[in-house]
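Worksheet for the structure shown next.
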Ligand code: BTN
């Protein structure tokens, strides 16, 4: 089934990822899409909440039934798809921040985030849920994200048709997902690197255990891990939060 051939729309849900997981457990086919106008318990990475007020953004989840080998790259491939779709549908030169953030072109304010969740039995993947939230128009952001969040309309200074952006997001996601499934991961990673200028040569810091470690970003490897040059050599960062250090 093509992504979005079946779109289930809700005014309000807890989390679109939850709804898709329920459909998945009942045997729904890959490509089912759930879209909500608002989420009461939208969630992001690292246990954070995803601010999801009505009428402000796209809150979308897609049911995937991927091969196990592509799962580690789903977040990156989806980020490429969303970034390409935003660029194509709005002309905004959005960029990617490892691993899953879509940022405004200035590289600080976040437009969108991706949360991939799933279920497996042994080595077999039962399903994955690819969820993304994209800020279409500015709202009253909570204080903790106010200076780090933005929206398409705030960046572009004009009204944006969310449904048109959604349509392109779904087709770009599908294209990049098929790339992974059909053995073209290298081209997805190459495109990811083009869209993520901070992934090479930028000063970054991250937390390892109790310590804050500093280094210079050195690209990603074939598994999607971020590489960093430190005084001790190259380090692989596989999860967690990485901060890009801007000169002030
Ligand atoms: C992040 O940047 O931390 C990821 C945010 C992902 C938010 C989306 S909104 C649709 C889907 N449903 C959720 O509960 N989360 C994702």
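Numbering (our numbering), first residue to last: 1 to 248. Built from N, CA and C at the ideal position, the CB exists for glycine as well. Everything numeric in this text was worked out from a predicted model, so none of it was measured.
Practice item. Could you tell me which of 68, 11, 74 sits nearest to residue 115, measuring between CA atoms? Key: 74
Review point. Would you say the segment 222-239 touches the segment 78-96, given that touching needs at least three Cβ pairs under 8 Å?
Key: no
Practice item. Compare the C-alpha of residue 130 against each of 161, 163, 59 and name the closest. Key: 59
Review point. Can you tell me where the beta strand (DSSP E) with residue 38 in it begins and where it stops?
Key: 33-39
Review point. Is the closest heavy atom of the ligand BTN to the C-beta of residue 39 under 7 Å?
Key: yes
Check your understanding: Which residue comes first and which comes last in the beta strand (DSSP E) that contains residue 200?
Key -> 200-208
Point to revise | Best match in 125, 118, 76 for proximity to residue 102 [C-alpha to C-alpha] | key: 76
Check your understanding: Three-state secondary structure (DSSP) at residue 243?
Key -> strand
Review point. Got a sec, what are the start and stop residues for the alpha helix (DSSP H) residue 186 sits in?
Key: 185-195
**Study point:** Alpha carbon of residue 138 to alpha carbon of residue 151, nearest angstrom
**Key:** 5 Å
**Study point:** the ligand BTN heavy atom lying under 7 Å from the CB of residue 135
**Key:** no
Check your understanding: Between residue 37 and residue 7, what straight-line distance do the alpha-carbon atoms span, to the nearest angstrom?
Key -> 13 Å
**Study point:** Neighbourhood of residue 68 by C-beta distance below 8 Å, restricted to the same chain and skipping five residues each side
**Key:** 120, 123, 124, 125
Point to revise | Where residue 106 falls: helix, strand or coil (DSSP) | key: coil
Check your understanding: If you draw a straight line from the alpha carbon of residue 191 to that of residue 144, how long is it in whole angstroms?
Key -> 32 Å
Exercise for review: Find out if the Cβ-Cβ distance for the pair residue 110, residue 149 is shorter than 8 Å.
Suggested key: yes
**Study point:** Completely contained beta strand (DSSP E) runs for the segment 27-104, where each covers 3 or more residues
**Key:** 33-39, 57-64, 95-97, 101-103
Check your understanding: Does the Cβ of residue 23 lie closer than 7 Å to at least one heavy atom of the ligand BTN?
Key -> no
Practice item. Check the C-beta distance from residue 176 over to residue 240 and give it rounded, since I have them as a contact under 8 Å. Key: Not really, about 24 Å apart at Cβ, beyond 8 Å.
Check your understanding: Exposed or buried, which one is residue 232 when buried takes at least 16 other CB atoms within 10 Å?
Key -> exposed
Point to revise | Euclidean distance between Cα positions of residue 127 and residue 100 | key: 20 Å
Check your understanding: Cβ of residue 32 within 7 Å of any heavy atom in the ligand BTN?
Key -> no
Exercise for review: Tell whether a beta-carbon distance below 8 Å holds between residue 97 and residue 172.
Suggested key: no
Review point. Between residue 132 and residue 95, which are expected to be in contact by the criterion C-beta below 8 Å, what is the C-beta distance as a whole number of angstroms?
Key: In fact, because the Cβ distance is near 16 Å, the residues do not count as touching under 8 Å.
Point to revise | Closest residue to residue 15 among 42, 22, 55 (Cα-Cα distance) | key: 42
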